[in-house]
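Visitor:
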Amino acid sequence: MPELPEVETIRRDLEPRVVGRRIERVAIHPGGERVAITHAPRELEAQLAGLRIEELGRHGKYLLVHLDDDRTWVVHLRMTGLLLLRPLEESSGRFERARIDFDDGTGLRFEDSRKFGTWHLVEDPREAFPRAGPDALSAGFTVAWLREALGRRSVPVKTALLDQRVAAGVGNIYADEALWLAGIDPRAASNGIGPRRVRRLHGAVQQALLDGLGDRGSSFDRYRDAFGKSGGHHLRVHVFRRDGEPCERDRCRGRRISRTRIGGRATHYCGSCQRP
DNA sequence: ACTATGCCCTGGGTGC
DNA sequence: TGCACCCAGGGCATAG
Numbered sequence: 003m004p005e006l007p008e009v010e011t012i013r014r015d016l017e018p019r020v021v022g023r024r025i026e027r028v029a030i031h032p033g034g035e036r037v038a039i040t041h042a043p044r045e046l047e048a049q050l051a052g053l054r055i056e057e058l059g060r061h062g063k064y065l066l067v068h069l070d071d072d073r074t075w076v077v078h079l080r081m082t083g084l085l086l087l088r089p090l091e092e093s094s095g096r097f098e099r100a101r102i103d104f105d106d107g108t109g110l111r112f113e114d115s116r117k118f119g120t121w122h123l124v125e126d127p128r129e130a131f132p133r134a135g136p137d138a139l140s141a142g143f144t145v146a147w148l149r150e151a152l153g154r155r156s157v158p159v160k161t162a163l164l165d166q167r168v169a170a171g172v173g174n175i176y177a178d179e180a181l182w183l184a185g186i187d188p189r190a191a192s193n194g195i196g197p198r199r200v201r202r203l204h205g206a207v208q209q210a211l212l213d214g215l216g217d218r219g220s221s222f223d224r225y226r227d228a229f230g231k232s233g234g235h236h237l238r239v240h241v242f243r244r245d246g247e248p249c250e251r252d253r254c255r256g257r258r259i260s261r262t263r264i265g266g267r268a269t270h271y272c273g274s275c276q277r278p
C-alpha cells in the first residue's frame, strides 16, 4: 500500500531520471482502461505524447508529473500500483497496465494488479484531489490544524487520521504506527484527545512518516520502488501486522499487540501503552 | 454537516 | 490438486 513515504521514495528515485525527458508514446493496455479518469484512454495516450517532464511533485499519496504544456499528469497508485523505470526493450510484467516510453531508451511501466490506480491529466493538480488537506510532511500540517481537524469529529482517532482531509498521505500502516508512537488508543474519540496529546500525535505522525521514508518505504505487500526494489520499513514497524508479538516498550512487560477493526480497517495497537 | 456503508478489483491465503 | 470463499483497502458515491 503506497502511502506518503512510498510515493515520496518513488518521486525521489524518478526525479533525476525523468525530468527533461520527452514522452514519446503512451500505451494503456486492454483491461487497464479504468486508470484514465479525465480522458478516454486513447485520448489520454494522445494528449501525453510529445510532452516534456519539467518537475515531479507530490501531495499526500498523489504523484504530480508537471509537464511543459502547463498541465500535470497526476498518478495515484492506490493499493497495488507500481511505477517502474525500465529500458524500453524489457518485456512486460504480468500486471502491467500501461507503459510510458521516453526519448532516452527508458520508460515507465505502470503495474497494478487490482486496477484501482488513477491517472488525471489536469490544468491544476488540485482538480485531482479537491478535498485533500495539507500534505502531512508540509509546513501546512500544523499542530493547530490537527487540533482543529480532530476537534470537529467524533469518529475514532484512527479513522480521523486516515481521512485525507485531515492529513494527506497517511494510510493504514502509518496511522497505526503514529498512534503507537503517541501512546494513544486508536479507538479514542477524535474530539476527546486533549491539546497536549494532539501535539504529541502531530509529532508522531511526522515521525512515523519520516521513519518510513528513511527506510525507503514499507513492502508488506507488493510495494516496490521505481527500480523494483523493496522498502525496508516493514521490518522495523512497531505494531502494524505485528499482532501477537510483544510490545517493544519495556514498561508493557511483553504485552501482546492486539488487532481489531476500526472503520472497516485492520488496526494494530498495544493495549498497555496506548491509552484512550 | 456529519457518519456509516457499499463499491471498485483480483491475487493470495485458508479450509475442505 | 481443485475449488469456494474471504480478505486486503483509498477514495468516492450514496444513504441515513
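For the first sequence, the numbering used here begins at 3 and goes up steadily by one. Ideal placement from N, C-alpha and C gives every residue a C-beta, glycine not left out. These figures come from a predicted structure and were not determined experimentally.
(1) Can you tell me whether DSSP reads G151 as helix, strand or coil?
(2) May I ask you to verify whether the stretch 68 to 82 touches the stretch 141 to 158, counting CB pairs closer than 8 Å and requiring at least 3?
(3) Between E1 and the rest of its own chain, which residues show a CB-CB distance below 7 Å, the 5 nearest in sequence each way excluded?
(4) Across which residues does DSSP place I30 in a beta bridge pair?
(5) Quickly, what does DSSP pair D137 with across the bridge? List them, please.
(6) Would DSSP call L183 helix, strand or coil?
(7) Is P278 near the ligand COA, judged by its Cβ being under 7 Å from some heavy atom?
(8) Of all the options H236, P4, Y176, which has the alpha carbon lying nearest to the alpha carbon of D217?
(9) Which of the three DSSP states is assigned to G205 in this structure?
(10) Taking a contact to mean a Cβ-Cβ separation below 8 Å, would you say S220 touches A191 in this structure?
(11) Just checking my contact of R54 with D72 at CB under 8 Å: how many whole Å lie between their CB atoms?
(12) Going along the chain, which residues of its own chain have a beta-carbon closer than 8 Å to the beta-carbon of P158, five neighbours each way excluded?
(13) So within the stretch 36 to 110, which uninterrupted alpha helix (DSSP H) runs reach at least 4 residues, ignoring any that extend past its ends?
(14) In or out: R255 buried (at least 16 other Cβ within 10 Å) or exposed?
(15) Among all the DSSP beta bridges, which residues are the ones paired with P248?
(16) From which residue to which residue does the beta strand (DSSP E) around L123 run?
(17) Please confirm whether A130 and A169 have their CB atoms less than 8 Å apart.
(18) Take V28 as the anchor and find which of Y225, H204, D105 has the nearest alpha-carbon.
(19) Counting along the chain, where does the alpha helix (DSSP H) carrying R14 start and finish?
(20) Keeping to the same chain, check which residues put their C-beta closer than 7 Å to that of D15; ignore five residues upstream and five downstream.
(21) Ends of the alpha helix (DSSP H) at T144?
(22) Closer than 6 Å by C-beta to R111: which residues in its own chain qualify, once you throw out the five before and the five after it? Chain order, please.
(23) Taking the alpha carbon of R251 as the point to measure from, which residue in F242, R238, C272 has its own alpha carbon closest?
Guide: On the basis of the supplied data:
(1) Indexing the first sequence from 1 puts residue 151 at position 149. As written in the sequence, residue 151 is Ala, which differs from the Gly given in the question. Correct three-state label for A151: helix.
(2) The count of Cβ pairs closer than 8 Å, one atom from the stretch 68 to 82 and one from the stretch 141 to 158, stays below three, leaving the stretches out of contact.
(3) There is no way to answer for residue 1, as the model of the chain reaches only from 3 to 278.
(4) As a first step, residue 30 must be located in the first sequence, where it is residue number 28. Partner(s): A100.
(5) Start at 1 with the first residue of the first sequence, and residue 137 comes out as number 135. DSSP lists A170 as partners of D137.
(6) Residue numbering aside, residue 183 sits at position 181 when the first sequence is read from its first letter. It is helical.
(7) In terms of ligand content, the structure shown is empty, and the ligand COA therefore cannot be addressed.
(8) Start at 1 with the first residue of the first sequence, and residue 217 comes out as number 215. Comparing C-alpha distances from D217 to each of H236, P4, Y176 shows the shortest one belongs to H236.
(9) Sequence index remark: in the first sequence, residue 205 carries index 203 (1-based). The DSSP-derived three-state label of G205 is helix.
(10) As a position in the first sequence, residue 220 is number 218, starting the count at 1. As a position in the first sequence, residue 191 is number 189, starting the count at 1. No, they are not a contact pair.
(11) If you number the first sequence from 1, residue 54 lands on position 52. If you number the first sequence from 1, residue 72 lands on position 70. Wrong, their Cβ atoms sit about 12 Å apart, outside the cutoff.
(12) Taking the first residue of the first sequence as position 1, residue 158 is located at position 156. The residues are P188, R189, A190, A191, S192, I264, G265.
(13) 43 to 50, all fully within the stretch 36 to 110.
(14) Counted from its first residue, the first sequence places residue 255 at position 253. So R255 counts as exposed.
(15) Position 246 of the first sequence, counting from 1, holds the residue named residue 248. Note: P248 sits in a beta bridge opposite R258.
(16) The residue you call residue 123 lines up with position 121 of the first sequence. L123 -> beta strand (DSSP E) spans 120 to 124.
(17) For the purposes of this step, residue 130 is taken as residue 128 along the first sequence, with counting starting at 1. For the purposes of this step, residue 169 is taken as residue 167 along the first sequence, with counting starting at 1. Taking 8 Å as the Cβ cut-off, A130 and A169 do not qualify as a contacting pair.
(18) If you number the first sequence from 1, residue 28 lands on position 26. Closest option to V28, judged by alpha-carbon separation, among Y225, H204, D105: D105.
(19) In the first sequence, the residue the question calls residue 14 occupies position 12. Counting along the chain, the alpha helix (DSSP H) containing R14 begins and ends at 6 to 20.
(20) Counted from its first residue, the first sequence places residue 15 at position 13. Residues of the same chain with a CB within less than 7 Å of the CB of D15, apart from the 5 flanking positions on each side, are D227, A228, F229 in chain order.
(21) By 1-based counting over the first sequence, the position of residue 144 is 142. Taken as a continuous stretch (DSSP letters only), T144 belongs to no alpha helix (DSSP H), as it is neither H nor E.
(22) Within the first sequence, the letter at position 109 stands for residue 111. Only L86, R88, E98, R101 meet the Cβ criterion.
(23) For the purposes of this step, residue 251 is taken as the residue at position 249 of the first sequence. Cα-wise, what sits closest to R251 is C272.
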